[in-house]
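So the structure is just underneath, and the comments pick up after that.
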Amino acid sequence: MTDLIDLTLTQLVKKIKSKDISSKDITSIYIERSKSSKKLNTYVEETFDEALENSKRFDASPDFQKKLPGIPLAVKDLFCTKNVKTTASSKILENFVPTYESTVTQNLWNSGAILLGKLNCDEFAMGSSNETSHFGNVISPIDDNLVPGGSSGGSASALAAKLTPATIGTDTGGSIRQPASFTGTVGLKPTYGSCSRYGIVAFASSLDQAGPMTRDVEDCALLLEVISSFDPKDSTSIDFKRPHYYSELNKNIKGKKIGIPKEYRVEDMPDEIEKLWEKGKEYLKDCGAEIIDISLPHTNYALPAYYIVAPAEASSNLARYDGVKYGFRVEGENLIDMYEKTRSQGFGDEVKRRIMIGTYVLSSGYYDAYYLKAQKVRKLIKNDFDDAFNKVDAILTPSTPSSAFKVGEKTDDPVSMYLNDIFTVPVNLAGLPGISIPAGLDKNNYPLGLQLIGKPFDEQGILDIAYSMEEKINFKFKTNDWWIK
Amino acid sequence: MRKDEYLIEKNGNKYEVVIGLEVHAQVLSESKLFSNSATKFGSEPNTQVSLVDAAFPGMLPVINEYCIRQAIKTGIGLNAKINKKSIFDRKNYFYADLPQGYQISQYKNPIVGEGSVILDLLSGPKTIGIERLHLEQDAGKSIHDIDPGSTLVDLNRSGVALMEIVSKPDLRSPEEVNLYIKKLRSIMRYLGTCDGNMEEGSLRADVNVSVRKVGNDKLGTRCEIKNVNSIKFMQMAIEYEANRQAELLEEGGLVDQETRLFDTKKNQTRSMRSKEDAHDYRYFPDPDLLPLEFNDEFIENVKKEIPELPDQKKNRFIEKFKLSPYEATILVSDLETSKYFEKVIKNSDVKLSANWITGELFALLNEKNVEINKSPVSPENLSKLINLISDGTISGKIAKTVFVEMSNGNMDPKQIVIDKGLKQQSNPKELEKIIEKVISENPKNIEKYKSGKDKLFGFFVGEVMKASSGKANPKLVNDILKKKL
Amino acid sequence: MTIDLKTVKHISKLSRISIDDQKAKKLEKDLTAIFKWIEKLNQLNTDNVKPLTSIAETTLRFRKDQIISKNIREDVLKNSPKDNKDYFVVPKVVE
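Taken in sequence, the protein lines are chains L, P and Y. Per numbering that gives the first Met the number 0, the very first residue in the first sequence carries number 0; after that it's consecutive. Per numbering that gives the first Met the number 0, the very first residue in the second sequence carries number 0; after that it's consecutive. Per numbering that gives the first Met the number 0, the very first residue in the third sequence carries number 0; after that it's consecutive.
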């Protein structure tokens, strides 16, 4: 039965629909494999018993019209799940059980999917290596002691290790695409406003987007189709006509113009990434696309602007974790003492660091110099993309400036850690869709990804291009299950 | 004419008091500003709290259209500029009854800009400038006196829409503040945008007070007295604060710009926060919300719902009904009074109606301490009473007796007149009998009258009235007496 | 731009996060490094640039004035760290 674990999401859906396999069978397989993969530390909350019950319930009265019929899925622990502990991998929410469901996960269950459990991530999604989680580091199935990337590190690791057929993450500055790139999987951050933020623990409201993380592009299109919806409960959700991403997916990209931004050729970028990028261009040409050199002149300023905007919003979004209404509390002599102790002990170092950055850039006398300045830079970055999209249909870049690194390698140097998101952050700042697909291996045999950036709401466009490239790249990577005894 | 001037005198130096108000008016609406829970006053604690109001992770604000309309209406009532684009900002601070850790408010771009309110002072009208009106969320309530060891928090009020109406520093005395609050309240009650109920906290104010020597143009340093919830307390606080500041200046001291609290037990203001803990609200645009925009058509539609406002009504009463400005001002000052008046005059003499309402009715309401809409004498019955006077059925004096009867259970005045036999004596023959009796009983006074003491005519009228138990028709009595004498 | 110890302590106060001296020193170092890097933005002249206020190029959607959320007190208080069936409980506040 082990080969069942190798089925992609869309293959699995077909097998279930054709009754070749039951929901209970496949759910049990994923539960067993997840149970024997504790070493990766991907799960922070397991709902295996309920999942099994739900799969039996599905099999008893199956609805094969659903898009994810009886499919077991584990999701990032940033999505609030009704009656299932939701922690954002933070001590401050260690005992928090929501009485409500996020819109995105609700869409999954409405489509027939079954919750397997909640996946580890960086605390409040703040991190690029899944080393800031209160529940410990996540290990990549690629290699022992290797980070899976972050912040959706648990999701990427579980997906790559085949502990879930697909998953969803959230992406504020690259948190889906960077771990996808590090683990040889596909990750898509939709246009801002595509997926509802309702019920997702907020990091930076103007940047956060949920998105699919899958084994291939087809799966990605299917999962996006399920989770993307207009939601009146989110004032920033946008009511546009969403295509049937999966059924409309095609490889006809002839004549598409693909931009190559010269500013993404950064200093110290390893040769192998440069080469990978070149190869990507060749594949695109082979598919009939046209390669055009473009300029995104303010790229260099994106990261510093991001490290003003995101912490500023976070400092305010995380003010609600004060020990009063829910979560962890340390008693104090008075209200202020209680707040200070609760937040000091409830948040980890990286979260505290970002709250402090955010508080500082908004504080009296510094707002104009930092926050306002950053919002102006953000406008310039957006303008860069607008100009570029007058000339091209999509943009091709590397997903990350390097491949995955070892646990502990960058924890002492926050700036070098932040630099990991150099290619992904501009996409969040401009609210655009971006997808990372596996494109090759580095000298250590660690996966590397390429990123496609699209026009607002043109997820279909980048999915189609990714679909075409995927075929040419023909990325094959099989782990040896080293973590399973 | 009485003077409106209010000055503080210290050591022979006269100080002018400069006052500006920030009025917080609770918007009348079914549900809250950004959430769909109820706003009703006086419900069981925490029974009107949604997940948004309690700031659960991932919960998002969605704005209530009706609250926007209410703010626009109020803006129009204040003759103010309506801003078609405004921004919601977060005001960040920690407090037990502020679940989000920030209040959603409007900082730099409010929904309503400059406007004005006209006060009717003894010396004539005075215009008070309005700086702005903005929408914001109310906080919850901290309760300190139930549990001796802890403070309890009730979030029923959390998220209710408030309009903050900021005046220019144009007020000069406690009496002007009284008139200003009453005028604002009256306008909002006419509009139905705020019930103005100060006991329930739906209208409260922060009072900014400074003093300056008479003749000095420069504004003095002001103190802000927070959250005063009755006009009487506002006046007492201003009086105390103005004297405190003047004394301080006389002693050669300086006024500190600070926030103060009015202690209603000691009738004093006292400093509220130490400098060290000074607030830094770190305002920034709420990234969960988009800019608030509407077009002219939206405003025009709101305008259609605007009723006749106090100033317009007053002018109509003066022009159409020839009421004095004083009477008109009193009759329009309160929406319910004006409604009452307009009901009475539907079928009755206007001048008499105005007199009766401002005289007997007000005295009665005062004595019974009830609002006019709960008046023991209905407008219909008062109208009947006035008509009984007009058509000569009873005299004005008898009418007062009837009115007292009516007030004990809203009885029909016609019935009272019949039951008590109070109908005016208008039969000339009957009256002649009485008059002849009076003449025959007072021979000395007849002589005096005839010898030129004209003033004694009144004496005879009085005697006749007495003899008829007040029921004699005064006009007929006059006529007959003149003939007889 | 250096973020000195005094500033670190001030920000920690504003953030309601207590920090000991050792942590403060570490933060002084980290934040100084981060802000030195952030200062790259000053190379860019943005005098005539309008700041971006929201990335979704649309305006605020309105909701009807309807009560949908009824009494869910039990749900709302369920996760609170101090048990009380009616209220949230915090240390005594003296005003």
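Note that the Cβ used here is the ideal one computed from N, Cα and C, for glycine as well.
- Within chain P, Ala53, Ala54, Phe55, Pro98, Val152 and Leu154 have C-beta atoms less than 9 angstroms from the C-beta of Lys324(L), given in sequence order.
- Residues of the same chain with a CB within less than 8 angstroms of the CB of Asn249(L), apart from the 5 flanking positions on each side, are Asp463 and Tyr466 in chain order.
- Excluding residues up to 5 positions away in sequence, Asp333, Glu335, Thr336, Tyr339, Leu360 and Leu364 lie with their Cβ nearer than 8 angstroms to the Cβ of Ile371(P) in the same chain.
- Using a Cβ-Cβ cut-off of 7 angstroms, Ile18(Y) is close to Ser343 of chain L, given in chain order.
- Under the Cβ distance rule, Ser68(Y) counts among the residues neighbouring chain P, one pair being separated by less than 8 angstroms.
- For His297(L), there is no enclosing beta strand (DSSP E), since its DSSP letter is neither H nor E.
- Ranked by Cα distance from Lys125(P), the first of Asp96(P), Gly408(P), Val227(P) and Tyr179(P) is Tyr179(P).
- Restricting attention to Ser406(P), Leu384(P) and Asn407(P), the CA atom closest to the CA of Lys396(P) is found in Leu384(P).
- Scanning Ala309(L), Lys378(L) and Glu224(L) for the CA closest to the CA of Asp46(Y) turns up Lys378(L).
- Excluding its 5 nearest sequence neighbours in each direction, Gln99(P) has C-beta neighbours in its own chain below 6 angstroms: Ala54, listed in chain order.
- Among the residues facing chain P, Tyr263(L) is not included, as its CB has no counterpart in that chain under 8 angstroms away.
- According to DSSP, Leu451(L) shares a beta bridge with Leu395(L) and Ile434(L).
- For the stretch 157-185 of chain P, the beta-carbon criterion of a distance under 8 angstroms to any beta-carbon of chain L is satisfied by none of its residues.
- According to the DSSP assignment, Met416(L) belongs to no beta strand (DSSP E) but to the alpha helix (DSSP H) extending over Pro413 to Tyr417.
- Partner residues in the beta bridge of Met212(L), as assigned by DSSP, are Thr166(L) and Gly186(L).
- Residues of chain L whose Cβ lies closer than 7 angstroms to the Cβ of Asp64(Y) do not exist; the shortest such Cβ separation is about 14 angstroms.
- Closest by C-alpha distance to Val406(L), out of Gly149(L), Tyr191(L) and Glu332(L), is Gly149(L).
- For Val376(L), the nearest beta carbon of chain Y is closer than 8 angstroms to its own beta carbon.
- Chain-ordered, the chain L residues with CB closer than 8 angstroms to the CB of Ala95(P) read Val323 and Leu334.
- The alpha-carbon separation between Asp24(L) and Ala73(L) amounts to approximately 16 angstroms.
- For Pro90(Y), the three-state secondary structure derived from DSSP is strand.
- Collapsing the DSSP output to three states places Lys13(P) in a strand.
- Listed by position along chain Y, the residues whose Cβ is nearer than 7 angstroms to that of Leu114(L) form an empty set, because the closest Cβ is around 20 angstroms away.
- Taking each of Asp29(Y), Ser14(Y), Ile16(Y) and Leu13(Y) in turn and checking the Cα distance to Asp3(Y), the smallest one comes out for Asp29(Y).
- The continuous alpha helix (DSSP H) containing His9(Y) extends over residues Leu4 to Leu13.
- Residue Thr258(P) holds the alpha-carbon nearest to the alpha-carbon of Arg221(P) among Thr258(P), Val213(P) and Ile81(P).
- At a cut-off of 8 angstroms between C-beta atoms, Arg89(P) counts as an interface residue with respect to chain L.
- Residue-level contact by beta carbon holds for Ser204(L) and chain P, with a gap shorter than 8 angstroms.
- When Cβ-Cβ separations below 8 angstroms define contact, Leu289(P) makes contact with chain L.
- In the structure shown, Gln105(P) falls within a coil segment according to DSSP collapsed to helix, strand and coil.
- Secondary structure note for Glu163(P): its beta strand (DSSP E) is the uninterrupted segment Ala160 to Ser166.
- With respect to Thr213(L), Ala165(L) sits close: the two C-beta atoms are nearer than 8 angstroms.
- Secondary structure note for Leu202(P): its beta strand (DSSP E) is the uninterrupted segment Leu202 to Lys212.
- Proximity of the stretch 462-471 of chain P to the stretch 302-321 of chain L falls short of the contact definition, fewer than three beta-carbon pairs being nearer than 8 angstroms.
- For the stretch 11-45 of chain P, the set of positions with a beta-carbon nearer than 7 angstroms to some beta-carbon of chain Y reads Ser28, Glu29, Ser30, Ser34, Asn35, Ser36, Ala37, Pro44 and Asn45 in chain order.
- In the DSSP secondary-structure assignment, Ala471(P) is bridged to Gln424(P).
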